[in-house]
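Report on the following structure.
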Amino acid sequence: MVFTSVANFVRSRGPDEFWRKRKIFKMAAHYIGRSRNCYSLAIRSVHRALVFATKGRALKKQDLANLWVTRITAGCEQHDVNYHVFRESLSRSNIMLNRKSLADLACWEPFTFKALTDIAQKRALEEGIAPPKGNKVLFVPKRGSQKKT
Amino acid sequence: MSALKRVQQWATFARIWHVYDAAWQNPFHSAKLLKKYLMGLHKPIYHPLNDCGDHVIVINTGDIALPEDEWKKRAYFHHTGYPGGASWTVAWELHDKDPTMILKKAVYSSMDGNLQRRYTMERLHLFPDGKVPADLMKNVSNQIQQIRPVPKRLDHYSEQERKEFPKLIDYPKDYILR
Numbered sequence: 001m002v003f004t005s006v007a008n009f010v011r012s013r014g015p016d017e018f019w020r021k022r023k024i025f026k027m028a029a030h031y032i033g034r035s036r037n038c039y040s041l042a043i044r045s046v047h048r049a050l051v052f053a054t055k056g057r058a059l060k061k062q063d064l065a066n067l068w069v070t071r072i073t074a075g076c077e078q079h080d081v082n083y084h085v086f087r088e089s090l091s092r093s094n095i096m097l098n099r100k101s102l103a104d105l106a107c108w109e110p111f112t113f114k115a116l117t118d119i120a121q122k123r124a125l126e127e128g129i130a131p132p133k134g135n136k137v138l139f140v141p142k143r144g145s146q147k148k149t
Numbered sequence: 001m002s003a004l005k006r007v008q009q010w011a012t013f014a015r016i017w018h019v020y021d022a023a024w025q026n027p028f029h030s031a032k033l034l035k036k037y038l039m040g041l042h043k044p045i046y047h048p049l050n051d052c053g054d055h056v057i058v059i060n061t062g063d064i065a066l067p068e069d070e071w072k073k074r075a076y077f078h079h080t081g082y083p084g085g086a087s088w089t090v091a092w093e094l095h096d097k098d099p100t101m102i103l104k105k106a107v108y109s110s111m112d113g114n115l116q117r118r119y120t121m122e123r124l125h126l127f128p129d130g131k132v133p134a135d136l137m138k139n140v141s142n143q144i145q146q147i148r149p150v151p152k153r154l155d156h157y158s159e160q161e162r163k164e165f166p167k168l169i170d171y172p173k174d175y176i177l178r
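Read top to bottom, the protein sequences are chains U and V. Position 85 of the first sequence, counted from 1, bears residue number 85 in UniProt numbering, the numbering being contiguous throughout. Position 6 of the second sequence, counted from 1, bears residue number 6 in UniProt numbering, the numbering being contiguous throughout.
Next comes the structure, spelled out in structure tokens:
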């Protein structure tokens with residue numbers, strides 16, 4: 001083992017408690033207030049931070065996926081294609097690009113993206129791919145709405 | 001593309017001014033549409049942290065159309081902060097006080113409550129009628145399509161058109177039309 005200072009060399013065979021706490025203090029080094037100096041407070045905030053980090057790894061993936069969908073939808077709207085029609089048409093045309101690459105193309109290579117939407121439009125027209133049904137109904141006659149006042 | 005034009009970015013990061021005619025439009029459906037332009041969600045460069053939202057001028061907010069009996073039923077809550085300071089204002093009442101308020105609140109509540117929301121709202125310009133200051137109107141370069149067709153009123157049809165409209169029955173002579 002290599003020790004950079006004499007103080008650590010002295011501790012090297014010493015109490016396990018010091019090294020156990022040091023691991024936590026190292027992780028809490030950038031906190032403010034007592035939570036970086038007092039062990040009982042430091043361990044609390046380090047535990048909390050590690051839980052956040054664990055959850056954050058999944059959330060980051062979801063956030064990015066949402067951002068890609070937003071960007072692809074924006075790119076599709078510029079060329080009058082529905083997002084779902086676009087994805088379905090591309091997969092039927094055997095263009096296997098994932099959301100990340102499509103979003104990159106929409107953002108950085110708009111001309112390439114336009115070519116893809118052109119392909120999608122053609123394919124959708126040929127195979128009759130329609131957007132999923134949404135709440136597009138403008139007026140639904142109800143019992144009271146036809147009455148004369 | 002040629003090597004010189006490889007990184008050409010015409011006005012990609014420019015703010016665009018849109019105009020939207022709110023006459024006969026549902027404010028809550030319009031809010032979802034306007035939000036997209038205000039936040040920049042319609043651009044492929046969108047990112048929550050990049051400030052790419054556009055300006056939207058909304059005209060004729062006095063002529064919005066609320067669905068069904070929402071004018072009577074929808075209540076807007078306000079609290080002064082003092083005890084007993086709560087008040088509920090019905091939509092038609094609020095619309096009488098300020099014809100832009102219903103659409104403004106609809107857009108405001110359609111967006112997530114974060115620090116950016118107030119700044120995004122600053123880019124929304126609402127006018128109760130068609131009178132927009134010339135210095136705002138000169139920026140406009142795009143019109144947002146209305147989400148539903150504007151119905152034509154009966155008294156806007158000419159006498160000729162009304163007469164020629166196909167009729168199912170003729171009212172009897174002694175029938176009293178109210």
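Don't be surprised by glycine CBs; every beta carbon is placed ideally from N, CA and C.
Asked                                                                                                                                                                         : Found
Residues of chain V with a CB under 7 Å from the CB of A106 of chain U: which are they?                                                                                       : P44
Helix, strand or coil for V81 of chain U per DSSP?                                                                                                                            : coil
Tell me, please, which residues DSSP counts as bridged to L126 of chain V.                                                                                                    : V:V58
Within its chain, find whatever has a CB closer than 7 Å to the CB of L94 of chain V; leave out the 5 residues flanking it on each side and keep chain order.                 : Y76, M101, I102
Need the endpoints of the alpha helix (DSSP H) that D96 of chain V sits in, please.                                                                                           : 91 to 97
Nearest CA to the CA of T89 of chain V: which residue from V:P83, V:K72, V:K104?                                                                                              : V:K72
Does the segment 106 to 123 of chain U come within contact of the segment 81 to 91 of chain U, defined as at least 3 CB pairs closer than 8 Å?                                : yes
Thinking just about the alpha-carbon of each residue, which of V:R74, V:G62, V:K43, V:D69 is nearest to the one in A91 of chain V?                                            : V:R74
Around the Cβ of H18 of chain V, are there at least 16 other Cβ atoms within 10 angstroms (buried) or fewer (exposed)?                                                        : buried
Alpha carbon to alpha carbon, how far is V140 of chain V from P172 of chain V?                                                                                                : 55 Å
Go through its chain and collect everything with a Cβ distance to Y31 of chain U's Cβ below 8 Å, but skip five positions before and after it.                                 : A42, S45
Cβ closer than 9 Å: which chain V residues qualify as neighbours of R87 of chain U?                                                                                           : Those within 9 Å of R87 of chain U in chain V number zero; the least Cβ separation is about 16 Å.
May I ask you to verify whether the segment 32 to 46 of chain V touches the segment 153 to 168 of chain V, counting CB pairs closer than 8 Å and requiring at least 3?        : no
Give me the Cα-Cα distance between P128 of chain V and S87 of chain V, rounded to the nearest whole angstrom.                                                                 : 24 Å
Quick one: measure Cβ to Cβ for I176 of chain V and S30 of chain V, integer angstroms, because I've assumed they're closer than 8 Å.                                          : Not confirmed; about 41 Å, so no contact.
In chain U, what lies closer than 8 Å to H47 of chain V by C-beta?                                                                                                            : L67
Here's the rule: buried if 16 or more other CB atoms are within 10 angstroms of the residue's CB, otherwise exposed. What is I95 of chain U?                                  : exposed
A86 of chain V by DSSP, collapsed to three states: which one?                                                                                                                 : strand
Could you tell me which of V:A3, V:A134, V:P48, V:G85 sits nearest to L64 of chain U, measuring between CA atoms?                                                             : V:P48
On the criterion of 16 or more Cβ atoms from any shown chain inside 10 Å, does Q25 of chain V qualify as buried, or is it exposed?                                            : buried
Using CA atoms only, rank isn't needed, just tell me which of U:D16, U:K60, U:E77 is closest to K114 of chain U.                                                              : U:E77
Grouping DSSP H, G and I as helix and E and B as strand, with all else coil, what is A7 of chain U?                                                                           : helix
What residue does the alpha helix (DSSP H) around W108 of chain U start on, and which one ends it?                                                                            : 99 to 108
CB Y20 of chain V to CB I59 of chain V, shorter than 9 Å?                                                                                                                     : yes
At a Cβ threshold of 9 Å, is L4 of chain V touching chain U?                                                                                                                  : no
Taking C-beta to C-beta, are R15 of chain V and H55 of chain V nearer than 9 Å?                                                                                               : yes
Is Y20 of chain V helix, strand or coil when you go by DSSP?                                                                                                                  : strand
Which whole-angstrom value describes the C-beta separation of L105 of chain U and T112 of chain U, a residue pair presumed to lie in contact below a C-beta threshold of 8 Å? : 5 Å
Does any C-beta atom of chain V lie closer than 9 Å to the C-beta of A74 of chain U?                                                                                          : yes
What's the C-alpha gap between P151 of chain V and E126 of chain U?                                                                                                           : 35 Å
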